[in-house]
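Student: This note's numbering applies: residue 22 is where the sequence shown begins, and numbers increase by one. All C-beta atoms, glycine included, are put in the ideal place defined by N, C-alpha and C.
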Amino acid sequence: MPRLSILSDKEQLEFDYPPTLNAESKAICFAIDDTLDTQIKKLRGETNKVGFLLQYAYFKASRRFFLIKRFRQEDIEYACKLLDIRASKVKLQKYKDRTPDKHREKILTLFNCKSYLNQKSWLEKEIILKVERVVEPRALFLEVLHQMHNHHIEIPTYHALSELITDHYISYEETLLNKIEIGLTEHQKNILQSLIINSENKYDNKLLSYKTIYQALKPKAIQANIKIFEQISEIIESLWPLINSLSLTPQCCEYYATWVKKARMWQLRRFTDECKLYLRLIAFLQHQYYSREDIFVDIFLRSVRSTKNSALHQIKNKEQLTRGERRSAILNLTKRLDKRRYQSEI
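1. Counting only the same chain and skipping the five closest in sequence on each side, list residues whose C-beta sits under 7 Å from that of K127.
2. Take N199 as the anchor and find which of Y77, L34, D294, E32 has the nearest alpha-carbon.
3. Does the region 275-284 come close enough to the region 253-266 to have 3 or more Cβ pairs within less than 8 Å?
4. When you compare only the Cα positions, how much space is there between Y310 and I253?
5. Between which two residues does the alpha helix (DSSP H) containing D118 stretch?
6. Quick one: is S183 buried, meaning 16 or more other Cβ sit within 10 Å of its Cβ, or exposed?
7. For I174, which beta-bridge partners are listed by DSSP?
8. Given that a residue counts as buried once 16 or more other Cβ atoms are within 10 Å of its Cβ, and exposed if not, what is E95?
9. Pull up the CB-CB distance for F132 and F51, whole angstroms please, since I reckon it's below 8 Å.
10. Is the beta carbon of L205 less than 7 Å from the beta carbon of L216?
11. Specify the secondary structure class of R368 as computed by DSSP and reduced to three states.
12. Compute the Euclidean distance between the alpha carbons of C134 and R119, then round it to the nearest angstrom.
13. If I'm right that A82 touches L42 with Cβ under 8 Å, what's the distance once you round it to whole angstroms?
14. Just to confirm, is the Cβ distance from Y116 to E175 under 7 Å?
15. Considering only the alpha carbon of each residue, which of R290, H180, M286 lies closest to Q33?
16. Return the chain-ordered list of same chain residues with a C-beta closer than 8 Å to the C-beta of N139, the five sequence neighbours on each side being excluded.
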């Protein structure tokens, strides 16, 4: 599996180059307080002082360090002006070897941040948990960045981070595929294959029918849902030992299920890696099973609500009818009393 293309080419370049700072941001990031001023004054040579300030400002802006050759010329000139150093005296091509690394260590200390390399093992554990929970590379990438920022950890290059994420995606999926290869019986394979088998009638296909969940409260729609749910339940029951072994999270099931929903039947039939196909079908069935359970609860609640509203409407109509009858009876009684009063007066 090649490295995942998490960001676009343009986004990758933006990620690995120093940020473009406007006047306000530049003033904030290059601001020299007493602590920074003391640190810079300890350094020897104009190049080291400017190099240190540039690394400090870029780290303050992005929580990252960058290749020296990618430092922006306008920022170099800005740093020289702040330090009252002539730009011609600064030779950043000589700012190399251990010096920039030592400066980075000092900058991490100034910002109370941790080195990426020192925190890599912890980060890997977090990525493993997220790979199992959120099987969507870009979302995982952004989530990892957010977590590193919150834990005050230096953010590495795009290549380092994407490679780490890719490795664990590969490892996780390989673990699942190995379990399927070892645990799936011929009978279970036949059941899964029956979902995508060719049919003369393109609409007479199990998987196609499973992709549709009817939301209506009409008896016919509910009966159709129940029939499909019973079929899926039967398949799930036959796959249960393997499903337990895979322990797919709901998010993982949803990810693969979405792929199956979007895929055409001919794409599924031409899948070269059978274990990968079976993994996606199992996840799809699990997702359908739990989704349909939720739908049944929703239909039940809506039915109760509808019945309640109907009953209240009938009670209201009956009350209005009774009220009308009472008014009519009172009116008739009043007329009779008036008539008697009139007769007695005569």
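Tutor: A quick look at the data gives this:
1. Q60
2. D294
3. no
4. 7 Å
5. Taken as a continuous stretch (DSSP letters only), D118 belongs to no alpha helix (DSSP H), as it is neither H nor E.
6. buried
7. K135
8. exposed
9. F132 to F51, Cβ: 15 Å. No contact.
10. no
11. Missing from the structure shown is residue 368; the chain here goes from 22 to 367 and no further.
12. 20 Å
13. 6 Å
14. no
15. H180
16. none
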